[in-house]
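Structure record follows, encoded as structure tokens.
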Amino acid sequence: MNDKEGKGTVSAEEAMQILFVRFGRSLLDSQVEEIFGNTDTNILKDLTLTEFLNSLNLSQLKQQTAKAKSMAQISLKGFRRDQAESSRSN
Numbered sequence: 180m181n182d183k184e185g186k187g188t189v190s191a192e193e194a195m196q197i198l199f200v201r202f203g204r205s206l207l208d209s210q211v212e213e214i215f216g217n218t219d220t221n222i223l224k225d226l227t228l229t230e231f232l233n234s235l236n237l238s239q240l241k242q243q244t245a246k247a248k249s250m251a252q253i254s255l256k257g258f259r260r261d262q263a264e265s266s267r268s269n
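Using the working numbering, the first residue of the sequence shown is number 180, and each one after it goes up by one.
Written out as structure tokens, the structure reads:
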């Protein structure tokens, strides 16, 4: 991991390095904000490795849930459209 100081924690700076490699620049800021919060006081705190990984997993779960919900809505719209077309043709 990136625990450069061997303290058993991950700082915001270390987290940014990890997230940049994992997600690229486009998602870096939102991921850091989601994990550490968006206040200046939170960005200065260190997280244990467990806290960091739990926060990262929770963030990814939220993203996957949102994506699944979006896909379900798209599928439902298509189903309703197909049903409407089917009833018009009968």
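For every residue, glycine included, the Cβ atom is placed at its ideal position computed from N, Cα and C.
Tell me whether the region 230-241 and the region 251-267 touch, counting them as touching only if at least three CB pairs, one residue from each stretch, are closer than 8 Å. no
What do you get for Leu-226, buried or exposed, if any count of 16 or more other CB atoms within 10 angstroms of its CB means buried? Along the sequence shown, one-based indexing puts residue 226 at 47. By the neighbour-count rule (16 or more Cβ atoms within 10 Å), Leu-226 is buried.
Under 7 Å between the Cβ atoms of Phe-215 and Ala-245? Here residue 215 is taken as the residue at index 36 of the sequence shown, counted from 1. Here residue 245 is taken as the residue at index 66 of the sequence shown, counted from 1. No, the pair does not count as a contact, with Cβ atoms beyond the cut-off.
CB contact flag (Asn-210, Phe-202, <7 Å): For the purposes of this step, residue 210 is taken as residue 31 along the sequence shown, with counting starting at 1. For the purposes of this step, residue 202 is taken as residue 23 along the sequence shown, with counting starting at 1. Note on identity: in this sequence residue 210 is Gln, with Asn being the wrong assignment. Yes, the Cβ-Cβ distance between Gln-210 and Phe-202 is below 7 Å.
Go through its chain and collect everything with a Cβ distance to Gly-187's Cβ below 8 Å, but skip five positions before and after it. Here residue 187 refers to the residue found at position 8 of the sequence shown. Closer than 8 Å at the Cβ level, and outside the excluded window around Gly-187, lie Thr-227 and Leu-228.
Reference Glu-213; option with closest CA among Glu-193, Arg-204, Ile-197 and Ser-234: Here residue 213 refers to the residue found at position 34 when the sequence shown is read from its first residue. Among Glu-193, Arg-204, Ile-197 and Ser-234, the Cα nearest to that of Glu-213 is on Ser-234.
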